[in-house]
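Novice: The structure's right below; bear with me while I get my questions together.
Numbering (the working numbering), first residue to last: 3 to 442.
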């Protein structure tokens, strides 16, 4: 009979609900039932339910505290049934990854007291914040990058401000929360460092949560795919293609980021100038631009007005909840637990503002290998570069996901909805995670 519990918590993202986690839950429970049983340990897979729907507007702080309270409630329940939680694993999807990072900071004293953080995994989580970067936008979308960077933080309540690094912490030196959470002296970083197995999964294309933020990277080695999204090694339509190394047994979906991307000359796919195929392709491009123009001039303004109005209303309700939360003085973390990292924050900011960043991701150049594609340097802020430097001090195992059957890759990587054929590649993402999940 089990005398201890391994609690495994799955956390959804923005606008999410527990059903978004069904595929992860089913795959992991099936895996756990198939491995040799340890009679002393019971594995409990739990889907976080305290931040569903509009509650995700309330920001990382309130969301993280809700999650920590939900975990504490479960700890008490299992302690009362004589099967105390001795091991904790957390899997965060999208915004859920950031909420989870905050929550484990709230639980830091538990880890100091002996609770093991066995696995900590994120899928498509914006660790470095969100930023619409012109280099990663197709030409028809570049016009909107600046506007989106301005509007989005203002219509998504506390969550939007924190994701775009437009927020300031109430207790310390008015710096963004994500920068605070990356500081090596903070309880959030220290709690993350307690993880025995630390991993992340990031789409390499087709995701607004881009590679740089989901994979914590100064550069994007897969940026060429944004220009020619179908240019892959086995695509017969392309004269020059990319060879993207994948992980054996999970190919071609799971990508090994440590291996370089190379150019491949695809002789079979070469086309003669003026061929019927090129004429058809040109016609297709004209049709695409016409549809895009129609969308921009007619449908986009109407939809944008409706969307902004709806989000603004939801933000008002969210701010009311945040005001009540602050006035209630029920925060898990005390003011002192925030203040003690202030000196570290200020010292780091002095370094960020006074020292040019070195692109350690891009030390190897094409000169070493003519076929190697150099990673694209991105126009990130000094704060974002510092977040990347800090978080990359941790022993992350990083994996890329190359999903090609759909443009909704953020959903597909965890098969967020059932029965959608174009999400099937997500099965390999989930299977890889399950196969590498530590149970003891």
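We put the beta carbon where it would ideally sit given N, CA and C, even for glycine.
Being a predicted model, the structure only gives us computed values, none of them experimental.
In or out: residue 41 buried (at least 16 other Cβ within 10 Å) or exposed?
Specialist: Numbered from its first residue, the chain shown carries residue 41 at position 39. So residue 41 ends up on the exposed side.
Novice: Going along the chain, which residues of its own chain have a beta-carbon closer than 8 Å to the beta-carbon of residue 85, five neighbours each way excluded?
Specialist: As a first step, residue 85 must be located in the chain shown, where it is residue number 83. Answer for residue 85: 4, 5, 6, 7 and 44, listed in chain order.
Novice: In the DSSP assignment, find the unbroken alpha helix (DSSP H) run with residue 99 in it and report its ends.
Specialist: Taking the first residue of the chain shown as 1, we reach residue 99 at position 97. 97–108 is the span of the alpha helix (DSSP H), which, as asked, contains residue 99.
Novice: What's the C-alpha gap between residue 70 and residue 259?
Specialist: Within the chain shown, the letter at position 68 stands for residue 70. Within the chain shown, the letter at position 257 stands for residue 259. So the alpha carbons of these two residues sit roughly 32 Å apart.
Novice: Reducing DSSP to helix, strand and coil, say where residue 400 ends up.
Specialist: Sequence index remark: in the chain shown, residue 400 carries index 398 (1-based). Reduced to three states, the DSSP call for residue 400 is strand.
Novice: If I measure Cβ to Cβ from residue 252 and keep anything under 8 Å in the same chain, skipping five residues before and after, which residues do I get?
Specialist: Residue 252 sits at position 250 when you count from the first residue of the chain shown. Correct list, in chain order: 430, 433 and 434.
Novice: Is the distance from the Cβ of residue 402 to the Cβ of residue 206 below 8 Å?
Specialist: The residue labelled residue 402 in the question sits at position 400 within the chain shown. The residue labelled residue 206 in the question sits at position 204 within the chain shown. Yes, these two residues count as a Cβ contact at 8 Å.
Novice: Is it buried or exposed for residue 127, if we count other Cβ within 10 angstroms and need 16 for buried?
Specialist: Here the question's residue 127 lines up with position 125 in the chain shown. Flag for residue 127 reads buried.
Novice: Contact check, residue 159 vs residue 59 under 8 Å by CB: the rounded distance?
Specialist: Position 157 of the chain shown, counted from the first residue, corresponds to residue 159. Position 57 of the chain shown, counted from the first residue, corresponds to residue 59. Going by Cβ atoms, the distance from residue 159 to residue 59 rounds to 4 Å, so yes, they are a contact pair.
Novice: Out of curiosity, what's the CA-to-CA distance linking residue 423 and residue 410?
Specialist: The sequence position of residue 423 within the chain shown is 421, counting from 1. The sequence position of residue 410 within the chain shown is 408, counting from 1. Distance between the alpha carbons of residue 423 and residue 410: 12 Å.
Novice: Could you give the distance in angstroms between the alpha-carbon of residue 93 and the alpha-carbon of residue 13?
Specialist: To locate residue 93, count along the chain shown from 1; it is residue 91. To locate residue 13, count along the chain shown from 1; it is residue 11. So the two alpha carbons sit approximately 6 Å from each other.
Novice: Taking buried to mean at least 16 other C-beta atoms within 10 Å of its own C-beta, is residue 37 buried or exposed?
Specialist: Working through the chain shown from its first residue, we reach residue 37 at position 35. Answer is exposed; the Cβ neighbour count stays below 16.
Novice: To the nearest angstrom, how far is it from the Cα of residue 195 to the Cα of residue 396?
Specialist: Along the chain shown, read from residue 1 onward, the residue named residue 195 stands at position 193. Along the chain shown, read from residue 1 onward, the residue named residue 396 stands at position 394. Cα to Cα, the separation comes out at about 7 Å.
Novice: If you count every other CB in all the chains shown that lies within 10 Å of the CB of residue 215, and 16 or more means buried, which is it?
Specialist: Your numbering for residue 215 matches position 213 in the chain shown. By the neighbour-count rule (16 or more Cβ atoms within 10 Å), residue 215 is buried.
Novice: With 8 Å as the threshold, decide whether the Cβ of residue 191 is near any Cβ in chain B.
Specialist: Note that chain B does not occur in the displayed structure, where there is just one protein chain.
Novice: Taking residue 204 as part of the beta strand (DSSP E), name the residues at either end of that continuous run.
Specialist: What you label residue 204 is simply residue 202 of the chain shown in a count that begins at 1. That run of the beta strand (DSSP E) goes 199–205.
Novice: Can you tell me the Cβ-Cβ gap for residue 66 and residue 10, rounded? I've got them flagged as a contact below 8 Å.
Specialist: In the chain shown, counting from the first residue as 1, residue 66 sits at position 64. In the chain shown, counting from the first residue as 1, residue 10 sits at position 8. 18 Å between Cβ atoms; not a contact.
Novice: For the beta strand (DSSP E) that residue 71 lies in, which residues bound it at each end?
Specialist: Position 69 of the chain shown, counting from 1, holds the residue named residue 71. Taken as a continuous stretch (DSSP letters only), residue 71 belongs to no beta strand (DSSP E), being part of the alpha helix (DSSP H) at 61–82.
Novice: Which partner residues of residue 90 appear in the DSSP bridge assignment?
Specialist: Locating residue 90 in the chain shown gives position 88, where the first residue counts as 1. Paired residue(s): 9 and 119.
Novice: If you measure between the beta carbons of residue 87 and residue 198, is that distance less than 8 Å?
Specialist: Here residue 87 refers to the residue found at position 85 when the chain shown is read from its first residue. Here residue 198 refers to the residue found at position 196 when the chain shown is read from its first residue. No, Cβ-Cβ distance for residue 87 and residue 198 is not below 8 Å.
Novice: In this structure, does DSSP put residue 219 in helix, strand or coil?
Specialist: As a working mapping, residue 219 is identified with position 217 in the chain shown. Residue 219 falls in the coil class under three-state DSSP.
Novice: Do you know offhand how far residue 82's Cα is from residue 389's?
Specialist: Position 80 of the chain shown holds residue 82. Position 387 of the chain shown holds residue 389. Approximately 40 Å between the Cα atoms of the pair.
Novice: Whole angstroms are fine: how far does the CA of residue 404 sit from the CA of residue 255?
Specialist: Here residue 255 refers to the residue found at position 253 when the chain shown is read from its first residue. Here residue 404 refers to the residue found at position 402 when the chain shown is read from its first residue. Distance between the alpha carbons of residue 255 and residue 404 is about 5 Å.
Novice: Provide the residue(s) that pair with residue 36 in DSSP beta bridges, ordered along the chain.
Specialist: For the purposes of this step, residue 36 is taken as residue 34 along the chain shown, with counting starting at 1. None; residue 36 has no bridge partner.
Novice: Using alpha carbons as the reference points, say which of 386, 46, 113 and 438 lies closest to residue 178.
Specialist: Locating residue 178 in the chain shown gives position 176, counting from the first residue. Nearest C-alpha to residue 178: 386.
Novice: Pull up the CB-CB distance for residue 108 and residue 335, whole angstroms please, since I reckon it's below 8 Å.
Specialist: Walking along the chain shown from the start, residue 108 turns up at place 106. Walking along the chain shown from the start, residue 335 turns up at place 333. Yes, residue 108 and residue 335 are in contact; Cβ-Cβ is about 6 Å, under 8 Å.
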